Amino acid sequence: MSRHSKNNTARGHFTYAEMQMLDYGTKKQRLGRDSMRDYDACFLCLQTARDPVCCPEGHIACKECIYENILAQKQEIQRQAKQMELQTLQEAKEQETKELLAQQIILDEFEKSQMGVLSKAASVRVKGVSGSAAASSPGSPVTPGDSNGKSDKKRAFELDTEELERISKQERIDVAKAIEDEAKSKKPVLPSFWVPSLTPSNKKTEYKATKLHTMCTASENEHKLSLKNLIPVKFEMAFEDHDGDFETSEPKKSAICPICRKGFTNTTKLSILKSCGHVFCDSCCAKFVKKEGKCQTCGAKTKEKEIVSMTGEGSGFSGGGAKEAKKFDVAFQ
1 MSRHSKNNTA RGHFTYAEMQ MLDYGTKKQR LGRDSMRDYD ACFLCLQTAR
51 DPVCCPEGHI ACKECIYENI LAQKQEIQRQ AKQMELQTLQ EAKEQETKEL
101 LAQQIILDEF EKSQMGVLSK AASVRVKGVS GSAAASSPGS PVTPGDSNGK
151 SDKKRAFELD TEELERISKQ ERIDVAKAIE DEAKSKKPVL PSFWVPSLTP
201 SNKKTEYKAT KLHTMCTASE NEHKLSLKNL IPVKFEMAFE DHDGDFETSE
251 PKKSAICPIC RKGFTNTTKL SILKSCGHVF CDSCCAKFVK KEGKCQTCGA
301 KTKEKEIVSM TGEGSGFSGG GAKEAKKFDV AFQ
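Just so you know, we're using the UniProt record's numbering here: the sequence shown kicks off at 1 and counts up by one.
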């Protein structure tokens with residue numbers, strides 16, 4: 001029979017006290033109310049929103065903060081676009097340099113072949129290139145009246161500039177590829193990596209733009225964001241109930257629903273109207289605003305698709321936003 005002690009480790013299973021003392025495995029802890037921002041807090045600065053605005057998905061933020069965020073994203077997009085343009089120009093310049101080098105090598109080898117001083121490796125390379133160029137060039141047309149391809153009539157000479165340009169380009173590409181293969185074959189299998197000339201170099205990674213539009217980063221599922229889509233938020237403020245003496249402490253203002261006059265909390269589900277920006281609780285919005293099709297505060301006409309549900313982090317209870325923090329450590333390390 002096991003003893004009722006926290007330090008008893010003779011059992012075949014872990015007790016709750018032993019699990020709490022372990023430094024490995026997955027540990028979970030529910031986040032309390034202090035770890036969540038208020039319903040009217042900016043998701044960027046985490047303070048009470050000043051001149052609050054709302055994105056089309058219901059995320060509230062300060063007007064100044066969201067403007068700075070959009071400006072910073074636009075500057076980053078411009079920087080990425082400029083970086084991509086520089087990379088494209090650099091790649092085009094490198095390709096042009098390779099083609100010029102290949103063309104110069106072709107001319108030098110042709111001159112040496114005419115003088116009879118061409119080396120064996122170069123002659124093999126020239127033969128291979130000339131063979132591929134000959135295979136890619138179209139053959140001479142055959143006269144249908146002659147089986148041997150000979151005709152009594154003299155054929156007019158036609159110079160196709162496009163075909164010559166294509167053959168020349170293909171020849172330069174083949175020579176550049178042959179030069180690369182020759183350089184790879186000369187490279188030692190086990191290079192002395194401490195020698196500067198034999199130090200292996202990393203492959204160049206292609207630079208791609210990660211963002212093309214400004215995005216709202218309030219949630220994991222990012223969505224497009226622009227200045228035109230921002231909705232100005234208009235809370236109706238009222239003084240809180242105060243039981244003490246008003247002379248000793250100043251009464252505080254809090255946001256309330258304009259219809260039921262109840263105060264907003266993190267557990268309250270809110271809805272905002274795109275047409276005017278007034279905020280209501282979901283129950284009042286469903287009973288009055290959706291049925292009548294207009295705002296109960298200013299009378300502005302509103303369609304059902306123009307009503308946006310505002311998202312919040314909820315409370316620390318399981319029914320009002322189950323937020324958990326997880327920590328994982330490798331076992332027996």
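In this text, a Cβ means the ideal position worked out from N, Cα and C, and glycines have one as well. All values derive from a computational prediction rather than experimental measurement.
LYS303 in three-state terms, based on DSSP: Residue numbering aside, residue 303 sits at position 303 when the sequence shown is read from its first letter. Three-state DSSP puts LYS303 in coil, outside helix and strand.
Per-residue burial, PHE239 [other beta carbons within 10 Å of its own, 16 or more giving buried]: Taking the first residue of the sequence shown as 1, we reach residue 239 at position 239. That one is exposed.
Neighbourhood of GLY139 by C-beta distance below 8 Å, restricted to the same chain and skipping five residues each side: Numbered from 1 along the sequence shown, position 139 holds the residue referred to as residue 139. A caution first: GLY139 carries a pLDDT of 46, below 50, which makes its placement in the model too unreliable to give a value.
Bridge partners - HIS278, DSSP secondary structure assignment: Residue 278 sits at position 278 when you count from the first residue of the sequence shown. According to DSSP, HIS278 bridges with LYS234.
Secondary structure of MET36, DSSP reduced to three states: Translated into positions along the sequence shown, residue 36 becomes position 36. Residue state, collapsed to three classes: coil.
For GLY58 and ILE272, believed in contact at Cβ under 8 Å, the rounded distance: Your numbering for residue 272 matches position 272 in the sequence shown. Your numbering for residue 58 matches position 58 in the sequence shown. Yes, they are in contact, since the Cβ atoms of ILE272 and GLY58 sit about 7 Å apart, within 8 Å.
Whether LYS291 touches ILE307 by CB criterion (9 Å): Position 291 of the sequence shown holds residue 291. Position 307 of the sequence shown holds residue 307. In this structure, ILE307 does not lie closer than 9 Å to LYS291 by Cβ.
For LEU101 and ASP181, the rounded distance between their alpha carbons: Residue 181 sits at position 181 when you count from the first residue of the sequence shown. Residue 101 sits at position 101 when you count from the first residue of the sequence shown. Going by the C-alpha atoms only, they are around 15 Å apart.
Given 8 Å, three or more beta-carbon pairs between the stretch 254 to 263 and the stretch 88 to 100: no
Three-way DSSP call (helix, strand, coil) for LYS287 in this model: Along the sequence shown, one-based indexing puts residue 287 at 287. Residue state, collapsed to three classes: helix.
Proximity of CYS276 and THR302 at Cβ, strictly below 9 Å: By 1-based counting over the sequence shown, the position of residue 276 is 276. By 1-based counting over the sequence shown, the position of residue 302 is 302. The answer is yes: Cβ separation under 9 Å.
C-beta atoms of ILE60 and THR214 nearer than 9 Å: As a first step, residue 60 is located in the sequence shown; it is residue number 60 there, counting from the start. As a first step, residue 214 is located in the sequence shown; it is residue number 214 there, counting from the start. No, they are not a contact pair.
Assigned secondary structure, LYS327 (DSSP; H/G/I helix, E/B strand, else coil): Your numbering for residue 327 matches position 327 in the sequence shown. Correct three-state label for LYS327: strand.
Environment of PRO251 [buried if 16+ CB atoms lie within 10 Å]: Within the sequence shown, the letter at position 251 stands for residue 251. Its Cβ having fewer than 16 others within 10 Å, PRO251 is exposed.
Buried versus exposed call for ASN266 [16 or more other C-beta atoms within 10 Å across all chains shown]: Position 266 of the sequence shown holds residue 266. It counts as buried.
Which of helix, strand or coil DSSP assigns to MET19: As a working note, residue 19 is residue 19 in the sequence shown. If DSSP states are grouped into helix, strand and coil, MET19 belongs with the helices.
Beta-carbon proximity list for VAL53, same chain, < 7 Å, skipping 5 on both sides: As a first step, residue 53 is located in the sequence shown; it is residue number 53 there, counting from the start. Once the five neighbours on either side are set aside, the close Cβ partners of VAL53 are ALA61, LYS63, ILE66, LEU230, ILE231, PRO232, VAL233.
Coarse secondary structure for CYS257, derived from DSSP in three states: On the sequence shown, position 257 is the one that residue 257 refers to. Here CYS257 sits in coil by DSSP.
Same chain only: Cβ atoms within 6 Å of LYS269, ignoring 5 sequence neighbours per side: Within the sequence shown, residue 269 is the residue found at index 269, counting from 1. Hits under 6 Å: ASP282.
DSSP state of ALA218 mapped onto helix, strand, coil: Residue mapping note: residue 218 aligns to position 218 of the sequence shown, counting from 1. The answer is coil: DSSP assigns ALA218 none of H, G, I, E or B.
Cβ separation of PHE235 and ASP40, assumed to be a contact under 8 Å, to the nearest whole Å: Here the question's residue 235 lines up with position 235 in the sequence shown. Here the question's residue 40 lines up with position 40 in the sequence shown. Confirmed, Cβ separation roughly 7 Å.
Cβ-Cβ separation, ILE77 to LYS177 (assumed contact under 8 Å), whole Å: Along the sequence shown, read from residue 1 onward, the residue named residue 177 stands at position 177. Along the sequence shown, read from residue 1 onward, the residue named residue 77 stands at position 77. Contact flag wrong, Cβ pair sits at about 37 Å.
Sequence-distant residues of its chain with Cβ nearer than 6 Å to LYS327 (five each side left out): Here residue 327 corresponds to residue number 327 of the sequence shown, with the count starting at 1. Cβ neighbours of LYS327 beyond the five flanking positions: LYS27.
Contact belief for LEU225 with CYS55 at Cβ below 8 Å, rounded distance in angstroms: The residue given as residue 225 occupies position 225 in the sequence shown. The residue given as residue 55 occupies position 55 in the sequence shown. Contact flag correct, Cβ pair sits at about 6 Å.
Within the stretch 66 to 106, ranges of the alpha helix (DSSP H) (whole runs, at least 4 residues): none
Chain-order list of residues whose beta-carbon lies under 7 Å from that of SER136 (same chain, five-residue window excluded): The residue you call residue 136 lines up with position 136 of the sequence shown. Because the pLDDT at SER136 is just 47, under 50, the model does not fix this residue reliably, and the point stays unresolved.
Per DSSP, cross-strand counterpart(s) of MET310: Here residue 310 refers to the residue found at position 310 of the sequence shown. Beta-bridge pairing links MET310 to LEU270.
Limits of the beta strand (DSSP E) - the one that PRO251 falls within: For the purposes of this step, residue 251 is identified with residue 251 of the sequence shown, where counting begins at 1. Neither: PRO251 is in no beta strand (DSSP E) and is coded neither H nor E.
Cut-off 6 Å between Cβ atoms - residues of its own chain near CYS298, not counting five sequence neighbours on either side: Looking up residue 298 in the sequence shown gives position 298. Only CYS276 meet the Cβ criterion.
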